Every structure is written in structure tokens, then in C-alpha cells.
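Note sheet for the following structure.
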Amino acid sequence: MSPDGGHKKRILLVAPSYNFIYRGAMIKPGAIYSPHLGLAAVAGSLVSRGHLVRIVDLNKIEENAFLEELRRFSPHYVGISFSTILSREALRLAKLVKDADRNVNVVAGGVHPTSMPADVLASAAVDIVCLGEADYSIVDVVDGKPLEDIAGVAFRRNGECILSRQREPIKDLDALAYPAWGLFNLREYRTTELLARANPAGWIETSRGCPYECIYCNKSVFGRNFRAKSVKRVVDEMAYMLDCGFREIHIADDCFTVNIERAKGICAEILKRQLRFPWATVTGIRADRVDQELLTLMRRAGCYRVFFGIETGSDTVLKIIRKGETCEDVRRAVRMSKKAGLEVHGFFMLALPGETENTMRETIDFAKELDLDMAKVAITVPLPSTPYFEQLDREGKIKTRDWSKYNLYFPARELYDLPGLDWDTVETYYKKFYREYYFRPRFMIKRFWGSLVRAQLLNDIKAFFQVKW
0 MSPDGGHKKR ILLVAPSYNF IYRGAMIKPG AIYSPHLGLA AVAGSLVSRG
50 HLVRIVDLNK IEENAFLEEL RRFSPHYVGI SFSTILSREA LRLAKLVKDA
100 DRNVNVVAGG VHPTSMPADV LASAAVDIVC LGEADYSIVD VVDGKPLEDI
150 AGVAFRRNGE CILSRQREPI KDLDALAYPA WGLFNLREYR TTELLARANP
200 AGWIETSRGC PYECIYCNKS VFGRNFRAKS VKRVVDEMAY MLDCGFREIH
250 IADDCFTVNI ERAKGICAEI LKRQLRFPWA TVTGIRADRV DQELLTLMRR
300 AGCYRVFFGI ETGSDTVLKI IRKGETCEDV RRAVRMSKKA GLEVHGFFML
350 ALPGETENTM RETIDFAKEL DLDMAKVAIT VPLPSTPYFE QLDREGKIKT
400 RDWSKYNLYF PARELYDLPG LDWDTVETYY KKFYREYYFR PRFMIKRFWG
450 SLVRAQLLND IKAFFQVKW
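In numbering that gives the first Met the number 0, the protein residues as written are 0 to 468.
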């Protein structure tokens with residue numbers, strides 16, 4: 000029985016396939032394939048309450064195998080976590096579940112259901128939405144509490160979408176159960192060599208919440224209130240991940256280095272325990288929240304690569320998007336990272352608010368000036384619940400709510416009208432960025448020798464021919 004004296008429930012957690020997102024994309028070789036952190040975290044909470052949980056990752060099994068698992072396991076609840084681009088696929092899977100067994104309760108969670116609960120509950124296949132952090136609300140749902148008494152859920156009643164009272168952000172992240180990595184077959188996961196040196200590579204969150212105001216960012220799940228796990232909990236969890244079979248760890252935080260002293264403490268604790276594993280800040284850290292001591296300590300503790308969300312080479316655009324950084328902050332951070340012996344990768348965006356042909360030219364030139372080990376650019380997609388989406392929506396510039404088209408890796412001309420620029424020009428500069436950056440003799444020579452040293456030359460050649468130049 001579960002700890003509250005009720006019967007154990009069977010819960011099947013589902014990760015929809017995202018392979019279609021990269022189909023035909025220029026950067027397919029840079030696709031990330033790792034076990035789903037969100038589902039692992041939710042599963043950990045449910046298992047700690049005594050419930051029976053299984054996880055199905057449709058990136059790893061065929062749909063027929065999923066339906067067979069559904070039949071064999073006969074769950075009381077099916078939970079599906081998804082982002083905006085996966086919403087159509089997720090709702091299709093929810094319908095498959097209901098077609099197989101009308102008595103199964105389908106629960107949706109993740110960034111899109113949190114942002115658009117009424118939209119998701121418009122599907123008769125979804126019964127409940129967990130809003131924001133689902134670690135505790137999903138347990139309340141499965142334990143059988145009345146939905147109206149559970150904070151942080153949405154549900155249908157008499158055809159109407161009902162939102163319960165808001166759940167307060169979780170203050171004590173150390174109290175969360177460890178992610179249930181044992182529910183995955185980790186041997187099935189292999190991240191491309193462009194993003195990982197050792198496999199399987201897994202995600203860890205050391206904090207939640209982002210206090211910054213970038214207008215393209217969705218903060219609906221974790222909010223703006225920065226909360227962090229303690230140094231001990233973080234390194235304990237890293238050691239646990241290594242025991243589970245991970246050989247590399249990727250930081251999933253929005254704000255790993257916001258508290259610089261805490262980040263230094265994590266590195267010092269890794270060194271103190273003599274844990275030896277490669278790790279990287281794959282989701283990006285802020286250029287204005289690093290110093291030389293931190294970056295050098297990160298390198299000593301096993302970090303080999305840092306990612307920065309650079310976005311643009313225009314200080315004017317940086318102000319418009321409320322990034323809170325300058326190009327000089329980025330230059331300084333990149334210089335210090337290279338001095339520390341770290342690989343440096345950068346994320347860029349085109350078609351940002353205030354963008355012109357000149358600022359796009361500045362972004363390409365800035366990327367080349369920085370001479371990063373890798374640079375990745377995307378055309379800006381205004382995602383639901385972001386200030387940019389809401390601004391465009393108020394101005395009547397959003398052209399579709401077909402969420403399947405909100406793909407960060409493809410042109411956005413079908414999504415919205417871009418003030419001041421035509422889409423042909425944007426797409427031309429998108430291609431220019433990759434061609435000018437990666438076909439520089441300086442970059443090609445540096446990459447060639449680096450690939451030889453790391454014995455990755457054949458992998459780099461293979462990735463090169465996968466890119467749609």
C-alpha cells in the first residue's frame with residue numbers, strides 16, 4: 000500500500016517522440032538524446048510514495064510496443080509531459096490511451112500544458128493538467144485527493160476548464176526524491192559526440208527558477224524565484240547518477256552560475272570527494288555571472304565545455320530583449336573560459352525584436368570574432384506564455400496556433416509577421432551564419448587538429464555531411 004494507507008497505483012509515464020523535430024533540420028547532428036529528466040523526477044516522487052511506475056520513451060520504442068506495454072501494465076494513470084512543439088503528438092498519444100482503455104486517467108504536464116491548460120483540456124483524451132512543478136501535485140492526484148483540493152492542477156467539470164488554486168514554488172529542493180533513473184535502460188541512450196564525450200550522458204537540475212527578464216523565455220513552470228539545491232545534495236545526486244550508470248553529466252539549470260559562490264562550492268565538493276567524470280553546462284550559463292576563479296575551478300572539477308546564451312552581436316537588441324548583458328560581458332566571459340582551458344559553445348538567435356539586416360550582420364561578425372568551438376543559431380520562435388508571444392498576439396501578428404509548427408529548428412514565416420524585416424532576408428542570414436562561421440579556414444584548421452587529438456575526426460566528418468549547408 001502507499002504511505003497514506005491507500006492501494007498502490009500503477010502509473011505509466013510517457014515521453015513523446017521528438018525525432019520529427021530534427022527531420023530536415025540544418026543542425027540534426029547536434030540533436031540531444033538523453034533520458035527524460037522531468038519524467039525521472041516525477042517518477043521519483045511517485046515511487047517514494049509507494050506507487051508502481053514505468054516509463055515509456057517513444058524515442059526508443061515503436062508505437063506498437065507502447066500499446067502492448069499499456070495493455071500489459073494496465074495503469075490507473077498515464078502521464079504525458081510535453082513542450083509546445085510536441086503538443087499535437089502528445090494529444091494523439093493521449094487519444095490512443097483512451098481508445099485502448101477509457102478508464103485510464105490521462106494527466107498532462109510540462110511547459111505547454113502549464114502555459115495552455117484550457118487548450119490541452121479541450122481534448123477529451125486529457126483528464127487533468129498538472130500546472131508548473133508537478134513533483135507534489137501528481138502525487139496528490141494519484142493518491143486520490145479531490146481535484147478541487149489540490150493546488151496546481153486544472154481539470155474539466157461540466158465541460159468547463161477549472162483551475163485550482165496556485166501551488167507555491169517548492170522552497171526546499173533538497174527534500175525532493177532523487178530522479179528514478181533505474182526506470183530507464185541507460186544503455187539505449189547515446190548523445191552525439193558533438194555534445195558529449197562519454198555515454199550515456201544524463202541531466203541534473205541543481206536549481207530552479209530564473210530571475211532574469213528575457214522576453215523570449217517561458218517561465219511558466221519554475222517561475223522567476225531562484226531556488227537552489229544545497230552543495231551537498233547536488234554532489235550526492237551526481238554520485239548517485241554515476242552509480243546508476245551515467246558516464247557524463249549535463250547541467251539542466253537556467254541559472255547554474257547565478258550564485259557564483261554556490262557554483263564554486265559544488266566544484267570544490269566534487270574535487271574533495273575525488274569524483275572523476277566529464278560534465279558540461281549544456282543549457283547555457285550567463286556571461287555576466289562567471290569569473291576567472293569559477294571557470295578555472297569548473298575545469299579542475301571535470302567540466303570541459305561551457306555554453307553561453309549569447310543571442311546577438313547587437314547591444315541595441317540586447318537591451319530590447321531585456322537580456323541584462325552586453326557584448327563586452329560576452330567577450331570577457333569567452334576570454335576567461337578559453338584561459339581556463341574550457342571549450343566554449345555559443346547560442347545565437349535571429350529575428351529578435353528590434354532586429355535589422357545590420358544587426359543580423361553584427362551577430363554573424365560577433366560570432367566569428369569570438370571564435371567559439373561551436374556556434375548554433377535559431378530563428379526566434381515566440382512561444383506561448385512568453386512576453387514576446389503576448390506582445391505579438393496583442394498586435395495581431397501571430398498567424399497560427401497550430402503548435403506543431405512552432406519548431407525552433409525551421410523557418411518561422413508561417414508563425415508570425417516580423418516587424419521591419421522580410422522572411423526571405425532572415426532565412427538568407429540564417430544560412431549565412433552557418434556557412435560563414437564554419438567555412439572559415441581558422442575554424443576548420445582548429446577543428447581538424449582538435450578532432451585528431453580527441454580521436455573524433457571520423458565523427459566530425461560524418462556530422463559535417465549530415466548538415467544541410
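Ideal placement from N, C-alpha and C gives every residue a C-beta, glycine not left out. Small disclaimer: the values here were computed from a predicted structure and weren't measured.
- Taking the CA atoms as reference points, Leu38 sits about 12 Å from Ile203.
- Under DSSP, Ala200 takes part in a beta bridge, and its partners are Glu247.
- Inside the region 355-399, DSSP marks whole beta strand (DSSP E) runs of 3 or more residues at positions 373-378, from first to last along the chain.
- For the 8 Å CB-CB criterion, Cys129 and Val152 form a contact.
- Of Ala107, Gly43, Pro199, Val105, the smallest CA-CA separation from Tyr188 is found for Pro199.
- Contact between Lys404 and Leu414 holds: CB atoms are separated by about 6 Å, below the 8 Å threshold.
- Lys59 and Glu327 have their C-alpha atoms roughly 43 Å apart.
- Closest by C-alpha distance to Arg321, out of Asp364, Glu167, Pro210, is Pro210.
- Proximity of the region 328-345 to the region 360-374 meets the contact definition, three or more beta-carbon pairs being nearer than 8 Å.
- Contact annotation: the region 69-78 does not touch the region 110-125, with fewer than three C-beta pairs closer than 8 Å.
- A distance below 7 Å between beta-carbons, with the five flanking residues on each side excluded, links Gly244 to the following residues of its chain, in chain order: Leu185, Pro199.
- Rounded to whole angstroms, the Cβ separation of Thr379 and Leu349 is 7 Å, and the two are in contact under 8 Å.
- The beta carbon of Tyr32 is closer than 8 Å to those of Asn58, Tyr188, Arg189, Thr190, Thr191 in its chain, skipping five residues each way along the sequence.
- The distance from the Cβ of Ala179 to that of Gly43 is about 4 Å, consistent with a contact at the 8 Å cut-off.
- In this structure the region 279-296 does not touch the region 222-242; the number of beta carbon pairs closer than 8 Å is below three.
- Met335 is not bridged by DSSP to any residue.
- Assigned with DSSP and collapsed to three states, His344 falls in strand.
- Across the set Val425, Tyr436, Leu296, Phe225, the C-alpha of Tyr436 shows the shortest separation from the C-alpha of Lys367.
- The residues His75, Tyr76, Asp126, Ile127, in chain order, have a CB closer than 7 Å to that of Asn104 in the same chain once the five nearest residues on each side in sequence are set aside.
- When the Cα atoms are used, Met240 and Val55 turn out to be separated by approximately 20 Å.
- In the displayed model, Asn18 falls within a helix according to three-state DSSP.
- By the CB criterion at 8 Å, Ile84 and Ile169 fall outside the cutoff.
- Residue burial is scored here from C-beta neighbours: Ala123 has fewer than 16 other C-beta atoms within 10 angstroms and is therefore classed as exposed.
- Runs of the alpha helix (DSSP H) lying entirely within the region 103-137 and spanning at least 4 residues, in chain order: 110-114, 116-120.
- Annotation: the continuous alpha helix (DSSP H) that includes Cys266 extends over 259-272.
- Residue nearest to Lys144 within the set Glu132, Ser163, Gly158 is Ser163 (criterion: CA-CA distance).
- In this structure, the straight-line span from the alpha carbon of Pro277 to that of Ile248 is close to 7 Å.
- Bridge partners of Ala411 according to DSSP: none are assigned.
- By the neighbour-count criterion, in which a residue is buried when 16 or more other Cβ atoms sit within 10 angstroms of its Cβ, Glu62 is exposed.
- For Asp56, DSSP records a beta bridge to Ala14.
- Rounded to the nearest whole angstrom, the C-alpha separation of Ser86 and Arg439 is 39 Å.
- Taking 8 Å as the upper bound for CB-CB distance, Leu51 and Lys7 are in contact here, some 6 Å apart.
- Between the C-alpha atoms of Glu389 and Leu351 there is a straight-line separation of about 14 Å.
- Excluding the 5 residues flanking it on each side, Asp252 has same chain C-beta neighbours closer than 7 Å at Glu204, Thr205, Ser206, Thr282, in chain order.
- Put simply, of Tyr215, Leu11, Glu236 the residue whose alpha carbon is nearest the alpha carbon of Pro383 is Tyr215.
- Looking at the DSSP output, Trp278 sits in a beta bridge with Ile248, Cys302.
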